[in-house]
Each structure stands twice: as structure tokens, then as C-alpha cells.
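Using my numbering, the letters of the sequence shown map in sequence onto residues 16 to 966. We put the beta carbon where it would ideally sit given N, CA and C, even for glycine. Right, one structure below, let's go through it.
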Amino acid sequence: MAQISKFRNFLLLPRHSSSPLSLSKPSNFQFRSLLTVIASSKRHRTVPPLRRKSTTPRPMEVKESNFNRKRAEGGDSNDVSRKNLQLKVRKLNPINTISYVQILGTGMDTQDTSPSVLLFFDNQRFIFNAGEGLQRFCTEHKIKLSKIDHIFLSRVCSETAGGLPGLLLTLAGIGEEGLSLNIWGPSDLKYLVDAMRSFIPSAAMVHTKSFGPVFNTDGSTLPRQSKLLDPIVLINDEVVKISAIILQPNYIEGQYLTTSESSSEKRMDHSPDTLDSPNGRKLPAAKPGDMSVVYVCELPEIKGKFDPEKAKALGLKPGPKYRELQLGNSVKSDHQNIMVHPSDVLGPSVPGPIVLLVDCPTECHSEALLSEQSLASYCDQTDNLAQASKIVTCIIHLTPASVVSCSNYQKWMNKFSSAQHIMAGHEKKNVEIPILKASARIATRLNYLCPQFFPAPGSWSVPNHSSKIGSLASSECSFSELSEVISAENLLKFTLRPYAHLGLDRSCIPTKVSSSEIIDDLLSEIPEVSEAANHVSQLWQECSQTKDDLIPVVDHKMMVEEPWLCANSIPACLDNIRRDDLEIVLLGTGSSQPSKYRNVSSIYINLFSKGGLLMDCGEGTLGQLKRRYGVTGADDAVRTLKCIWISHIHADHHTGLARILALRRDLLKGVPHEPVVVVGPRQLKRYLDAYQRLEDLDMLFLDCKHTTAASLDAFEDDSQGNSVDSQTLNNKNGDVIASNVDSTLFARGSRMQSCFRRPGCPVDKDVVYPILKKLKEVIQEAGLKALISFPVVHCPQAFGVVLKAEEKTNSVGKLIPGWKIVYSGDTRPCPELVEASRGATVLIHEATFEDAMVDEAIARNHSTTNEAIEMGQSANAYRTILTHFSQRYPKIPVFDETHMHKTCIAFDMMSINVADLSVLPKVLPYLKLLFRNEMMVDESDDVVEAVNSAS
Numbered sequence: 016m017a018q019i020s021k022f023r024n025f026l027l028l029p030r031h032s033s034s035p036l037s038l039s040k041p042s043n044f045q046f047r048s049l050l051t052v053i054a055s056s057k058r059h060r061t062v063p064p065l066r067r068k069s070t071t072p073r074p075m076e077v078k079e080s081n082f083n084r085k086r087a088e089g090g091d092s093n094d095v096s097r098k099n100l101q102l103k104v105r106k107l108n109p110i111n112t113i114s115y116v117q118i119l120g121t122g123m124d125t126q127d128t129s130p131s132v133l134l135f136f137d138n139q140r141f142i143f144n145a146g147e148g149l150q151r152f153c154t155e156h157k158i159k160l161s162k163i164d165h166i167f168l169s170r171v172c173s174e175t176a177g178g179l180p181g182l183l184l185t186l187a188g189i190g191e192e193g194l195s196l197n198i199w200g201p202s203d204l205k206y207l208v209d210a211m212r213s214f215i216p217s218a219a220m221v222h223t224k225s226f227g228p229v230f231n232t233d234g235s236t237l238p239r240q241s242k243l244l245d246p247i248v249l250i251n252d253e254v255v256k257i258s259a260i261i262l263q264p265n266y267i268e269g270q271y272l273t274t275s276e277s278s279s280e281k282r283m284d285h286s287p288d289t290l291d292s293p294n295g296r297k298l299p300a301a302k303p304g305d306m307s308v309v310y311v312c313e314l315p316e317i318k319g320k321f322d323p324e325k326a327k328a329l330g331l332k333p334g335p336k337y338r339e340l341q342l343g344n345s346v347k348s349d350h351q352n353i354m355v356h357p358s359d360v361l362g363p364s365v366p367g368p369i370v371l372l373v374d375c376p377t378e379c380h381s382e383a384l385l386s387e388q389s390l391a392s393y394c395d396q397t398d399n400l401a402q403a404s405k406i407v408t409c410i411i412h413l414t415p416a417s418v419v420s421c422s423n424y425q426k427w428m429n430k431f432s433s434a435q436h437i438m439a440g441h442e443k444k445n446v447e448i449p450i451l452k453a454s455a456r457i458a459t460r461l462n463y464l465c466p467q468f469f470p471a472p473g474s475w476s477v478p479n480h481s482s483k484i485g486s487l488a489s490s491e492c493s494f495s496e497l498s499e500v501i502s503a504e505n506l507l508k509f510t511l512r513p514y515a516h517l518g519l520d521r522s523c524i525p526t527k528v529s530s531s532e533i534i535d536d537l538l539s540e541i542p543e544v545s546e547a548a549n550h551v552s553q554l555w556q557e558c559s560q561t562k563d564d565l566i567p568v569v570d571h572k573m574m575v576e577e578p579w580l581c582a583n584s585i586p587a588c589l590d591n592i593r594r595d596d597l598e599i600v601l602l603g604t605g606s607s608q609p610s611k612y613r614n615v616s617s618i619y620i621n622l623f624s625k626g627g628l629l630m631d632c633g634e635g636t637l638g639q640l641k642r643r644y645g646v647t648g649a650d651d652a653v654r655t656l657k658c659i660w661i662s663h664i665h666a667d668h669h670t671g672l673a674r675i676l677a678l679r680r681d682l683l684k685g686v687p688h689e690p691v692v693v694v695g696p697r698q699l700k701r702y703l704d705a706y707q708r709l710e711d712l713d714m715l716f717l718d719c720k721h722t723t724a725a726s727l728d729a730f731e732d733d734s735q736g737n738s739v740d741s742q743t744l745n746n747k748n749g750d751v752i753a754s755n756v757d758s759t760l761f762a763r764g765s766r767m768q769s770c771f772r773r774p775g776c777p778v779d780k781d782v783v784y785p786i787l788k789k790l791k792e793v794i795q796e797a798g799l800k801a802l803i804s805f806p807v808v809h810c811p812q813a814f815g816v817v818l819k820a821e822e823k824t825n826s827v828g829k830l831i832p833g834w835k836i837v838y839s840g841d842t843r844p845c846p847e848l849v850e851a852s853r854g855a856t857v858l859i860h861e862a863t864f865e866d867a868m869v870d871e872a873i874a875r876n877h878s879t880t881n882e883a884i885e886m887g888q889s890a891n892a893y894r895t896i897l898t899h900f901s902q903r904y905p906k907i908p909v910f911d912e913t914h915m916h917k918t919c920i921a922f923d924m925m926s927i928n929v930a931d932l933s934v935l936p937k938v939l940p941y942l943k944l945l946f947r948n949e950m951m952v953d954e955s956d957d958v959v960e961a962v963n964s965a966s
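Here is the structure:
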């Protein structure tokens, strides 16, 4: 193709990271604030403020620079933020008219992550825990991300913090005046921050404040203490006081920790920051990830009603002094020589509400909770009358049901018999109601139209579960002493202000909508879809018929039949194909950030009894697996993963990885197994190495460059006795596909090619070869012949991948070649991709932009829909699946149907069985019918202000 011929003589030099910013150290304060300033942007943005629409496709321009070379090198100046991203402090409203806590039900329907909790005030927002899917949840439920002031983590792990990277990336890209976000967590938060440094964007100031014990640097040991820290005050203003109580499991032995030295001044640097205990007590050792936090949120007391008659009797004139007295300040009488105090003119005060958020992940933590003395003053049974007014109003339990049922935990709960207990651990009843209703509605419609490609969600098969909390009770103890215990539900509120409305508010809880109701609405909106569904079902019986034999739907203008391929063009690899050979599941088909209708990139290769592979693993991948296969079915898929392949370091392609790996580790605990192999760019290893200081991920990492065709050939030569030294292997890596393609971005002699050879990254054969051998074994177990990575044009260390199945012999002894799947990752059109895709059974190609936005595609090193289709045609791929659409196309992208006879558009949860590939393009016109009334809107404008509680 003409545009490909222009990839000539571009010399690329890898960009080295800049030196760390120099920060002076202010004087010491009670805590140290970790100001994480990242020097280079690692996440691209594909949602401009305005989208252009064109009625005719714009041909791809033939330019000498058909891609953004600086971006491919990692030096695109467009990514350098010019915003003044300073920490902002909002003006507080001490007399809040509205305040409540609300359950944000992330993970409630999929059981994959911890729910979040929103503490809402008029001018402030606090969120507790930020599991995967929080950003998508906020988009769905119209909670404005820019209004969040503080995020508190009850633990630091993938379950509670998996959504944090994506949330920070989005916040860094919106607004003009800067961020106002603070992140709080126990001292092991530093490990998460260290890991995120590899892809948090430029100039984003993440104000991270950790508290609790830290490892002693001098290696000394200290006597074990059974008591924990006193409450650590994190925030104390006129609106709310938030304190933290550290829980550590009682089984830890070995190295000990010490709290940081007491300080009275604030200092700011790149080291972990801590909050000291008021009494300076020292704690026993805890490994990172073991600490859990109980948060105590105390609202100020409600002043009694102002009595103007009493004020008048004390010689006060109506005016500003009345206001001062209501604010708690004494004033001098206007007519008498006395001071008037608030108690003279105000009725009795009402104690402010107190909310506890408790996350007790194990029974060992529950023992620590039961023995914790810091909460004694909040219990109902207290002998200290001076503290008896500190009665807890509401307790939100983030504790899992298995721990809630233990006797220690129930004994602790019974200490708060007058509080409203909300059980927000994973309750099975919530599986029945989708948290993301918009995407569930789309999935139901697609299932009605084409159940072969859009199977019913796994949650539909979940049996009805009892919602009675009493089922959690153990034989030793029960909740019989507690009158107020309920299961949490999505968007359940507990009102704190106004005081007259104190208590539960169920008005926002979504109701269950049956699939039949969704289909009835669809048939009312688009009556023709019923006939379309019948025709789609006929395609599986009529796939060999010609175009003339097929009867289009009534709306001929909408349903344009394509020039179907004749039967004899079906590739040989599909001869005698079985339905249990291969299924391609598109878990996420959007780009940059999740939206209501499309999650970020992830593809599951289902090999059925032989396991499966993941290609890219954006945030929410586990949740999508559970929506597709059900909670237990997704666990089986994770348990049998053979390999995870990541295309490049941009966050929308890998931030779901830690959650998947952590779940696999837990599922296989106590079972003999091998670590899973993760193949990705070398920047990803830095992230995973840093993250594994927080929690073990039970994996082996392999750089993508070691899985190129040249590297694999060198490995085979070496394993057969033909010794290959490290320098030769580096040179072979540099060659990659250059022997097959003249003059390309990665051609011999180019600087991009030389980055594989440079002395700074020698190949350690003793480390790499055992993992390569392991990879070869696991892909052979999966029935695959090869997994081959190849470089593409997007950012430094960006790759695509080829999966080849083993050849088979049919019943009559005929040799049948194996299928071939190619995934482009993110890329501009390039010869390397065409060469790798030659004769592919399926090419899964990114199509971020519509054809009219080719300039944006070049600037961002992405592809347009037409360019992706041309890639498939040039490589003679049997089928091309377009994915990775900009979120400006929330439901269906803009495309020209003229050349789509071998192509289909991907949707989230689309499941394509290899036996159905011949039918795939024929379904596209019917899918377009399904979305004919949908407006094209910019998803970034869909996040609006929080739900107004006053109404």
C-alpha cells in the first residue's frame, strides 16, 4: 500500500528519563507528605473536547511522516502538561446542609473488588477504597471525579486500590487549576506509589500521606507489643474529624518495626511518610500488605436552637452578634456590661454522628480488633460517663462474610448494639443486580439479536440467594443482640445531615430490571429488530448461500448486504474445526479510559479444556471475566491461565494485571502449581517488581523482545547445542523482521533497531532461557505452536503478537494447518504488522479513530477504521476484528461499510467461536440496525455532578 511505502529511513533514539525533580525539605511536621511528581507521561488521551463528523471517509494521506516519530520514541512534547497542577484546598462549609455516607457498589455484582464508600459534604467528598471499576462506576452514576478531595485506603492491595491508577490518570487530565486530591493509607502505601511511578502522567502531583509503623532502617529489633496505635488523627477541621486505627494480624513474627520519630513540622520529600502515635509506642513487625485500618469519622456536635428572646434579655441587638453566638463564639452585650456565651442563648447541643468503616480481612485481624482499646470510648458499654456521649451512629463493615461469621468479630459487633450495621462485604444477593446498568442493557440487547456472538451474561445463571444476614452467624454467637443489621446495597445511603433525616435512605438503590423488560423496550423502539434476530439465526444455517438467497430486513437502506465470500475461500485451518478449539472473548474494546459502554483493552483467548491466555489486561478485566462467565466460571478461567501478554506500558492495557495475578495466587494457594508467565515490555517489569514488594503476584516475567522471531530462533539454536552468546542474541533481537522488510522503522541500522542491541540491556541467558523454556512448555500444553511478538509503531517498546495453533490430522489422515491469530496492540499501520499477519485466520486490529480523524491518528500513533481494514486486506487475513475505539464513540464507532465484507466491529463481551468465523461479517449490518437511533456523544462529558441528596 502507498501509505506503507512511506515508512523509510526514520532514525529513532530511545529517550532517557530526566533527572528527578529537586525538592527542598521544609521543616518537620507531624507527618511527612509524599509528593509524587512523575517526569514523563505514560497514558495517552484520545478524547478531544470536540469531535468532528464527516459524511464521507477521508482517504489516508500519503506523507513522508505518516506517524508521530517523537511519540514513538517517547518524547512527544504534546504530552507535557502545561497546567498548574497544585494542590487546592476547597472553602469549607461548617454548617453543612447535606451530609451522608453512601455505598458505591463496585464489585458487588462480580465479587472481584472491594466496594467503595462515599462520605459526602456540601463542599467536600471523601472516598474510602478505590477498587477496579470505580471510575467507570462514577461515570455510570454521575459522580463527578473532580469533586473528590480525599481517598482513604483500608488496606493497600489490588482489591482495594486497583482503580487508583486509572482514577489519578483521569484527574490529571481534567481541569485547569489543579488537583485537590489526597491519598491516605497505611505505611505500605509507599510501595504502591513507587510502582505507579512507571506510568503516572507528567506534572501530576499525587499528594500521598501514609501513617502507621515503618520498617526500622538500622535493623534493630524491639520487644513485641500486643496493643496497637492510638487513633491517628488525619483530618480535623470544622466539618469532620477522621482518625485511623491500625490493625495488624496477631500471628506475625520476625523483624520488628518502629514508628517514625515525633515531629511538629511538615516535611516533604520522596521517602515514605508516616504519622506518629501520640504516645510514641513501638509496634511488632508486619509485612507489607498485612496492615488494615479502621477509620473513625466524627461530625461536630449540632448546636442547640438559638433563642432570640434570651439574647434580647441579655442586652443584645439583632445582628452579626447573633451569628457569632451560633458559631460558638462569646460576644459582649450591647446594653449590659457582661459577656454573653453561646450556652446562655442556645438550647442543648446534639452529639454529632459518628461513622466507623471497618475492614478486617482475616480472623487474625479480628483478634486484634477485639482487643483494640482505642475504640472503647465509642462502645455502648462504657463506664466512663464523660465519654458516654461518643455513641457510634453507623458502622460500615467492609469485612468479608467468612470473617464476619467468626465469634470474635461478632463479639466486637455486639459492643455497638445501638449502631446501624451495614454489611458491605461480598453479599451474594447483589450478584443479581448489575452495577453497570447501561452496559448490561446493551449486552441484553445484543444477546437478543445475536446470542451466538453475545451469550447471556454469567450472572443470569446465579441462583437466588437469601439476603438474611443471620445466615452468616456461627454456632457460637449470632447477631441476636443487634437490632439494626442490614446487607449493603448499591447506592444505599445513611443520612447524617440534616439531623431530622438521620438514618437509612434507600431512594437511590437501583431496582432489578429483567431481561424481558429490556427486550420489550427494544421492540417498542425498533420493531424491525425482531425480524432481524430471526435472520441472524438463519445465517448459521445459510452461511453457504449467496447474497441473492438472503432476504434483508424491511429497512433496505439500513441493511446493506455485503459481498460474502464464497465457500471455497474458507481457509484450510477451519476444516473440521471444533467448537471447543477456540473462542475469542473481547472483554474490553475501548481506549484510554473506561466508559459506560466500553471497558479498556483486554482479550481472553479461551482454549477450553487446555486453559486460556490474556492479551492485554486493562483495569476491570477480572470484573468483565466474571460478567461473561459468572463468578465461579471466571475463577476457573483465571486458575487455568497459561500466559498473560501485554502489548505496551500505557495504563489502559495493564492496570488490571495485579488483580488477576493476585486472584490466581489465592485460588491456587495450597495447590501444586507453577507461576504464570507474563510477557510484556521491559517497563512493565519495573512496575511489577516494585508492586511485588507489596504483595506476591506468583508470576515469571519475560520481556516481549525475547519472544520475537529472532530471539526464539536463537533460543532454539542454543537449546540444540549451537551456542549463542549474549551479544549475538542482542544483534538477532535488533534484526527482528528486518530481513523480510526493507527500510522500515525497525530496519537494520536504524536507531529504533539498535535499542535492542545497546550495551545497557544485555541478555542474561541464565535468567531468560529458563523462562523461555517454561513459556514454550505452557503454550504447547495449550495446543499452541508459537507465541511470537513483533514491534509496532506507537510508543517505546510497543508490540503486537502472533498466536499459532499446532497442526492437526483429520480422520482420513489429512494434515490440517493450525489457525493463526494476530493482535496489533496499539499502532500506526506498519510493514511489521502486515508481515506478521500474512495469512492470519483472525487479525484483531485497533481502530481508535474514524477515517475523518487521520491527523489525530497520526499524532497519537493510532489507526483509523479504514487503515485497520486495509491492514487486514494487505495481509490477506481471513477475518479482521476492529477494537480499541475512542470513547468519543460510546456505543458504535463511525465506519464505512463499503469494504467491511471481511471485517466486524467488536463490542464488550463479544465471544467469537472459531467455528463461526464465516458468519462474522454478515452480522455487522444487523448490529448497525440495533444502534441506528443512538446519538454520537463524547463520553467525557457524561460525568456530571453527584446526585443531589436534597431532592
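Query	Result
Range covered by the alpha helix (DSSP H) that runs through tyrosine 612	Element bounds for tyrosine 612: n/a, residue is neither H nor E.
Length of the line joining the Cα atoms of glutamate 504 and isoleucine 524	7 Å
Buried or exposed by the 16-neighbour rule on C-beta atoms within 10 Å, applied to tryptophan 660	buried
Phenylalanine 967 (DSSP reduced to helix, strand or coil)	The question about residue 967 has no answer, for the chain in this structure spans 16 to 966.
Alanine 548, DSSP secondary structure in three states	helix
Same chain, Cβ closer than 8 Å to valine 346, five either side skipped, listed in chain order	Leu331, Lys336, Glu339, Leu340, Met354 and Val355
Where methionine 969 falls: helix, strand or coil (DSSP)	This structure does not reach residue 969, given that the chain is present from 16 up to 966, and the question cannot be answered.
At least 3 beta-carbon pairs within less than 8 Å: the region 429–439 vs the region 452–469	no
Distance, aspartate 203 Cα to aspartate 305 Cα	9 Å
Minimum length 3: unbroken beta strand (DSSP E) runs contained in the region 352–425	369–373 and 409–412
Chain-order list of residues whose beta-carbon lies under 7 Å from that of proline 201 (same chain, five-residue window excluded)	Val171, Ser225, Phe226, Gly227, Ile261, Met306 and Val308
Where tyrosine 514 falls, given that 16 or more other Cβ within 10 Å makes a residue buried	exposed
Where leucine 196 falls: helix, strand or coil (DSSP)	coil
Member of Lys819, Tyr310 and Cys719 whose CA lies at the smallest distance from the CA of cysteine 588	Lys819
Outcome for tryptophan 555 when other beta-carbon atoms lying within 10 angstroms are tallied against a minimum of 16	exposed
8 Å Cβ cutoff met for methionine 123 and isoleucine 450	yes
Cβ pair count under 8 Å reaching 3, the region 154–164 against the region 618–629	no
Same chain, Cβ closer than 7 Å to isoleucine 786, five either side skipped, listed in chain order	Val692, Leu715 and Leu717
Where cysteine 312 falls: helix, strand or coil (DSSP)	strand
8 Å CB neighbourhood of threonine 604 in its chain, flanking five on each side removed	Arg613, Asn614, Ser616, Thr898, His899, Phe900, Ala921, Phe922, Asp923 and Met925
Buried or exposed (CB count within 10 angstroms, at least 16 for buried), asparagine 948	exposed
Secondary structure, beta strand (DSSP E): runs of 3+ residues fully inside the region 121–190	131–136, 140–143 and 165–167
Buried or exposed by the 16-neighbour rule on C-beta atoms within 10 Å, applied to aspartate 252	exposed
CB-CB length for isoleucine 618 against isoleucine 599, believed under 8 Å	7 Å
Reference threonine 895, options Ser662, Cys719 and Lys917, closest by Cα	Lys917
Euclidean distance between Cα positions of proline 687 and arginine 680	11 Å
Alpha helix (DSSP H) runs contained entirely in the region 798–875, provided each spans 4 or more residues	846–851 and 869–875
Lysine 508: first and last residue of the uninterrupted beta strand (DSSP E) it sits in	508–512
Lysine 562 to leucine 656 span [Cα, whole Å]	Residue confidence is low: lysine 562 scores 36 on pLDDT, short of 50, so the model does not pin down where it sits. No coordinate-derived value is stated.
Range covered by the alpha helix (DSSP H) that runs through asparagine 462	452–464
CA-to-CA distance, arginine 86 to isoleucine 831, given in whole angstroms	42 Å
Per-residue DSSP class, three states only, for histidine 59	Here the model assigns histidine 59 a pLDDT of 44, short of 50, so the residue's position is not dependable, and the following value carries that caveat. Three-state DSSP puts histidine 59 in coil, outside helix and strand.
Residues near phenylalanine 431 by beta carbon distance below 7 Å, same chain, minus five either side	Cys394, Asp395, Val407 and Ile410
Own chain, CB closer than 8 Å to isoleucine 142, minus 5 neighbours either side, in chain order	Leu119, Ser131, Val132, Leu133, Leu134, Leu149, Ile163, His165, Ile166 and Phe167
Contact under 8 Å by Cβ, isoleucine 541 with leucine 944	yes
Within-8 Å CB hit, leucine 628 to chain D	Reference to chain D is not applicable here, since this structure consists of a single protein chain.
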